[in-house]
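Take a look at the structure set out below.
Residue numbers (my numbering): 52 to 182.
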């Protein structure tokens, strides 16, 4: 039951953060299709940064479902990316939508890898002085 509650709380937080990104995109006069991409790239980086810590055994057992399923599950969404991509396709054409999709997925994967590499580096530097 506790796991469901932390997932629900994380989901609410992630959804609010996702909406905030949409507001930022609108206020910056960027194309609405960029909102999902920006959220997915930021979320991928942050999840990559946190995944090592979550798997290290040092984190509270409820932190993983709270962050991965809850916060990042609702902050980064494939369905929102798909919807925004279809909007872009109808407004700017299929080629532009395909390019945006490929770039977003590639940057998301790279962001996760960069976040994970940074976390591993930070974990290594923290571990040097411990014992």
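A virtual CB, placed ideally from N, CA and C, is assigned to each residue, including glycine.
What separation, rounded to the nearest whole angstrom, lies between the Cα atoms of residue i and residue j?
{"i": "residue 56", "j": "residue 113", "result": "10 Å"}
{"i": "residue 136", "j": "residue 159", "result": "15 Å"}
{"i": "residue 76", "j": "residue 132", "result": "14 Å"}
{"i": "residue 116", "j": "residue 52", "result": "12 Å"}
{"i": "residue 100", "j": "residue 172", "result": "10 Å"}
Should residue i go down as buried or exposed, given a rule of 16 or more other Cβ atoms within 10 Å for buried?
{"i": "residue 130", "result": "exposed"}
{"i": "residue 63", "result": "exposed"}
{"i": "residue 174", "result": "exposed"}
{"i": "residue 102", "result": "buried"}
{"i": "residue 71", "result": "exposed"}
{"i": "residue 86", "result": "buried"}
{"i": "residue 65", "result": "buried"}
{"i": "residue 162", "result": "buried"}
{"i": "residue 168", "result": "exposed"}
For residue i, tell me which candidate among the options has the shortest Cα-Cα distance.
{"i": "residue 98", "options": "70, 127 and 109", "result": "127"}
{"i": "residue 152", "options": "134, 94 and 164", "result": "134"}
Rounded to the nearest angstrom, how far is the Cβ of residue i from that of residue j, given a contact under 8 Å?
{"i": "residue 138", "j": "residue 92", "result": "Not a contact, Cβ separation roughly 18 Å."}
{"i": "residue 121", "j": "residue 74", "result": "At roughly 21 Å, the Cβ-Cβ gap does not stay under 8 Å, so residue 121 and residue 74 are not in contact."}
{"i": "residue 195", "j": "residue 123", "result": "Nothing can be reported for residue 195: it is not among the residues displayed for the chain, which extend from 52 to 182."}
{"i": "residue 54", "j": "residue 104", "result": "Contact doesn't hold; Cβ gap of about 19 Å is too wide."}
Would you please verify whether the beta carbon of residue i is less than 9 Å from any beta carbon of chain D?
{"i": "residue 122", "result": "Reference to chain D is not applicable here, since this structure consists of a single protein chain."}
key: the region 74 to 81 touching the region 139 to 155, judged by at least three CB pairs closer than 8 Å   = The region 74 to 81, when compared against the region 139 to 155, does not touch it at the 8 Å Cβ threshold.
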